[in-house]
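Data block below; observations after.
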Amino acid sequence: MTARTLGSPGLRRFVRRFRGNRLSVVALVVLSVLVLSSALAPWLAPYAPEAIDVRNRLAGPSVDHWMGTDSLGRDTLSRLLFAGRVSLFAALTAVSIAAVLGVPLGLIAGYFGGAVDWALGRAADVLMTFPAIILAIAIIAATGPGLTNAMIALGIVYAPRLFRVVRSATLAVRAETYIEASVSIGTPSYDVILRRVLPNILSPLLVQISLMLAAALLAEAALSLLGLGVVPPTASWGNMLGRGFEDIRSTPALVWWPGLSIALATLSFNLIGDGLRDAMGREIRKGS
Amino acid sequence: MLGLFLRRVLVSIPLLGVVSFLVFSLIVLVPGDAAVALAGPDPDPAQIAAVRERLGLNDPYLVQYWNWLSGVLQGDLGDSLFTSQTVWSSISARLPATLSLAGLALLLAIVLGITVGSVAGLRPGTWIDRVATVTASVGVAVPYFWVGMILVLFLAIDNTLLPAVGYIPLTSDPVSWLQHLIIPATALALAPAAVIARQTRASVATVMSEDYVRTAKAKGLSPVRVVGKHALKNAALPVVTVFGIEANRLIGGTVVIEQLFALPGIGQLAYQAVFARDFPVVQGVVLVSAVMVLMINILVDVSYGYFNPRIRQS
Numbered sequence: 001m002t003a004r005t006l007g008s009p010g011l012r013r014f015v016r017r018f019r020g021n022r023l024s025v026v027a028l029v030v031l032s033v034l035v036l037s038s039a040l041a042p043w044l045a046p047y048a049p050e051a052i053d054v055r056n057r058l059a060g061p062s063v064d065h066w067m068g069t070d071s072l073g074r075d076t077l078s079r080l081l082f083a084g085r086v087s088l089f090a091a092l093t094a095v096s097i098a099a100v101l102g103v104p105l106g107l108i109a110g111y112f113g114g115a116v117d118w119a120l121g122r123a124a125d126v127l128m129t130f131p132a133i134i135l136a137i138a139i140i141a142a143t144g145p146g147l148t149n150a151m152i153a154l155g156i157v158y159a160p161r162l163f164r165v166v167r168s169a170t171l172a173v174r175a176e177t178y179i180e181a182s183v184s185i186g187t188p189s190y191d192v193i194l195r196r197v198l199p200n201i202l203s204p205l206l207v208q209i210s211l212m213l214a215a216a217l218l219a220e221a222a223l224s225l226l227g228l229g230v231v232p233p234t235a236s237w238g239n240m241l242g243r244g245f246e247d248i249r250s251t252p253a254l255v256w257w258p259g260l261s262i263a264l265a266t267l268s269f270n271l272i273g274d275g276l277r278d279a280m281g282r283e284i285r286k287g288s
Numbered sequence: 289m290l291g292l293f294l295r296r297v298l299v300s301i302p303l304l305g306v307v308s309f310l311v312f313s314l315i316v317l318v319p320g321d322a323a324v325a326l327a328g329p330d331p332d333p334a335q336i337a338a339v340r341e342r343l344g345l346n347d348p349y350l351v352q353y354w355n356w357l358s359g360v361l362q363g364d365l366g367d368s369l370f371t372s373q374t375v376w377s378s379i380s381a382r383l384p385a386t387l388s389l390a391g392l393a394l395l396l397a398i399v400l401g402i403t404v405g406s407v408a409g410l411r412p413g414t415w416i417d418r419v420a421t422v423t424a425s426v427g428v429a430v431p432y433f434w435v436g437m438i439l440v441l442f443l444a445i446d447n448t449l450l451p452a453v454g455y456i457p458l459t460s461d462p463v464s465w466l467q468h469l470i471i472p473a474t475a476l477a478l479a480p481a482a483v484i485a486r487q488t489r490a491s492v493a494t495v496m497s498e499d500y501v502r503t504a505k506a507k508g509l510s511p512v513r514v515v516g517k518h519a520l521k522n523a524a525l526p527v528v529t530v531f532g533i534e535a536n537r538l539i540g541g542t543v544v545i546e547q548l549f550a551l552p553g554i555g556q557l558a559y560q561a562v563f564a565r566d567f568p569v570v571q572g573v574v575l576v577s578a579v580m581v582l583m584i585n586i587l588v589d590v591s592y593g594y595f596n597p598r599i600r601q602s
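As they're listed, the protein sequences go chains A and B. Counting in my numbering, the first sequence runs from 1 upward without gaps. Counting in my numbering, the second sequence runs from 289 upward without gaps.
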């Protein structure tokens, strides 16, 4: 995406400012490498992720296995690449579910205000009373372990957080003169919301989504580590970490690599989020 | 102050009512017939009927909720489906470990966060500030459970300075209690400490450029008093807000940490209950943790009043 393809001068300024933030650009590159290497795992990985080599259990790094092997003799590098697909996709799914629930409701609450706003706000309060992981675990307790259930649970847990950001940004935009102008010439509400409000709250929304991806990645890893998320033999960074901890005395690499991957990915999402926020105009920053 | 506290408690009661209804309603999420799903593998009709009777699933829904709630209000969270213990006795037996872990972690987070944040905020732009800022960014992002594992690797395996796992009650041996908790509590404290440090740094840096701080300095007050009495107290509000949010996250984190470090807390109880599908226990733990979060939020709101007199009056 280059500055030229983007329409408004505001967005162009946004991209230019983001580009000026060196740390965020580095984070974007790191994240791209992680995403690409995960996406291309079937072609990049030297072994199948479930391929067992019984004679090479808990091996150190070698020419055959660059990062060594786990307790079943599976190649750590290959599993790490395939696990990246699962973990990153899981985080994306959870945040998408949160967005599908939280964004429209936040727009409605912020735009219409009144009783709807009050009711939705209290519902968000209630959901935010539960610690995220504990609510997710409770939902999984009812629905059973597994990646899909874990992601739905996380999506529900994060929805009120996104709702609040969208609501307060909408409130700020709602007070602008151009919205009043649109309303006064008789533009229908859904049109005002979709064409006037939504484009103007995209920046704070993007920032929040970026930070939330980091949180979702961590939460998915925590759930999979506990055996409540991604179920073996499918590899995810979280369950690799959980399995690896059992062999930490003999093969600490099994804890280092998946942990580093999670840390790099979450750090990147956070730094990109910071960069996006700093690149926003002052007028929008106030709104969030 | 007491008035503010009582008002906040009163406001929390309807919230707690809705929370309890949601906790109770979790059972709706169990796919199919809850009694069949919870009766264990290959249940015979008698077992299913027994579970149904025990969960009170034959009553109308609101009656079920009311029965459950009136029990809860009398301290009766129901009985475990699989052990002979009541839910409350299982939880109360495990509260000390969780409160030890969470309390120590929160203490560490506050002390570390405020110290690092003040030091950085008093010297904005210097190398100390930069190191602190970068460390905080990394601290926020690094997975706490991984930090715990790496600390175990360095402190318990490579050097045998501390025990890797396990728990000793405070009452039986305080030193050993601390030794067992220091790694898990540090792991749990790192992210909140980083967030608190960031917030403290920003508020202290802003407050230090205010006129009243300049006046205090001009009066000839010692730097310690300027920072302690004028800067930190006024910088505290945003820090307290962050503390509330982080406390919520930290309580969630105890579940993972307790499992990793074999600490017999309510997080571990919840974990075991999920796999056993012991639903009353899950409901009890979720309710207790929500109450903990609510209590922390009330304390946070009341401390606003302490730090900012204007809030006390409104």
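Virtual Cβ for every residue (Gly too), placed ideally from N, Cα, C.
Check, Outcome
"CB contact flag (residue 344 of chain B, residue 565 of chain B, <9 Å)", "no"
"Amino acids of chain A, ordered along the chain, whose beta-carbon sits closer than 8 Å to that of residue 368 of chain B", "Under the 8 Å cutoff, chain A gives no residues; its nearest Cβ is about 14 Å from residue 368 of chain B."
"Test: residue 530 of chain B CB closer than 9 Å to a CB of chain A", "no"
"Beta carbon of residue 124 of chain A nearer than 9 Å to that of residue 154 of chain A", "no"
"Residue 69 of chain A - DSSP class collapsed to helix/strand/coil", "strand"
"Distance between beta carbons of residue 227 of chain A and residue 150 of chain A, contact taken as under 8 Å", "Incorrect: roughly 11 Å between the Cβ atoms, too far for contact."
"When B:489, B:379, B:518 and B:488 are compared against residue 502 of chain B, the one with the closest alpha-carbon", "B:518"
"contact_flag[the stretch 510-526 of chain B, the stretch 480-497 of chain B] where n(CB pairs < 8 Å) is 3 or more", "yes"
"Where residue 170 of chain A sits in the DSSP three-state scheme", "helix"
"Nearest residue (CA-CA) to residue 498 of chain B, options B:351, B:576, B:523 and B:322", "B:523"
"Chain-ordered chain B contacts of residue 137 of chain A [CB-CB under 7 Å]", "543, 558 and 562"
"Three-state secondary structure assigned by DSSP to residue 278 of chain A", "helix"
"Interface residues of chain B facing residue 249 of chain A [CB-CB closer than 8 Å]", "445"
"Contact list for residue 117 of chain A against chain B, beta-carbon separation under 9 Å", "Here the premise fails: no neighbours, minimum Cβ distance about 17 Å."
"Own chain, CB closer than 6 Å to residue 569 of chain B, minus 5 neighbours either side, in chain order", "368, 375 and 561"
"Assumed close pair residue 592 of chain B, residue 528 of chain B - CB separation to whole angstroms, cut-off 8 Å", "6 Å"
"C-beta neighbour in chain A for residue 362 of chain B, strict 9 Å", "no"
"Beta carbon proximity, residue 288 of chain A to chain B, threshold 9 Å", "Low confidence applies here, because residue 288 of chain A scores a pLDDT of 36, under 50, leaving its location unreliable; read the following figure in that light. Chain B, which has no Cβ nearer than 9 Å to the Cβ of residue 288 of chain A, makes this no."
"Three-pair Cβ contact test at 8 Å for the stretch 111-124 of chain A versus the stretch 269-282 of chain A", "no"
"Distance between beta carbons of residue 196 of chain A and residue 182 of chain A, contact taken as under 8 Å", "5 Å"
"Neighbourhood of residue 30 of chain A by C-beta, 7 Å cutoff - its chain only, sequence neighbours within 5 removed", "264 and 268"
"Chain B contact for residue 285 of chain A (CB, 9 Å cutoff)", "Low confidence applies to residue 285 of chain A: its pLDDT is 45, below 50, so where it sits in the model is not reliable, and the reading given next is rough at best. No, because no Cβ of chain B sits closer than 9 Å to the Cβ of residue 285 of chain A."
"Where the alpha helix (DSSP H) through residue 391 of chain B begins and ends", "375-410"
"Status (buried if at least 16 other CB within 10 Å, exposed otherwise) for residue 258 of chain A", "buried"
"CB contact below 9 Å: residue 128 of chain A versus chain B", "yes"
"For residue 427 of chain B and residue 63 of chain A, the rounded distance between their alpha carbons", "34 Å"
"Start and end residues, alpha helix (DSSP H) containing residue 121 of chain A", "114-128"
"Residue 75 of chain A, DSSP secondary structure in three states", "strand"
"Any 3 or more C-beta pairs closer than 8 Å across the stretch 438-445 of chain B and the stretch 387-399 of chain B", "no"
"Residue-level contact to chain B via CB, residue 125 of chain A, 9 Å cutoff", "yes"
"Residue-level contact to chain A via CB, residue 342 of chain B, 9 Å cutoff", "no"
"Whether residue 91 of chain A touches residue 217 of chain A by CB criterion (9 Å)", "yes"
"Between the CA atoms of residue 89 of chain A and residue 100 of chain A - distance to the nearest angstrom", "16 Å"
"DSSP-derived helix/strand/coil call for residue 446 of chain B", "helix"
"Euclidean distance between Cα positions of residue 551 of chain B and residue 468 of chain B", "9 Å"
"Cβ pair residue 165 of chain A, residue 205 of chain A closer than 9 Å", "yes"
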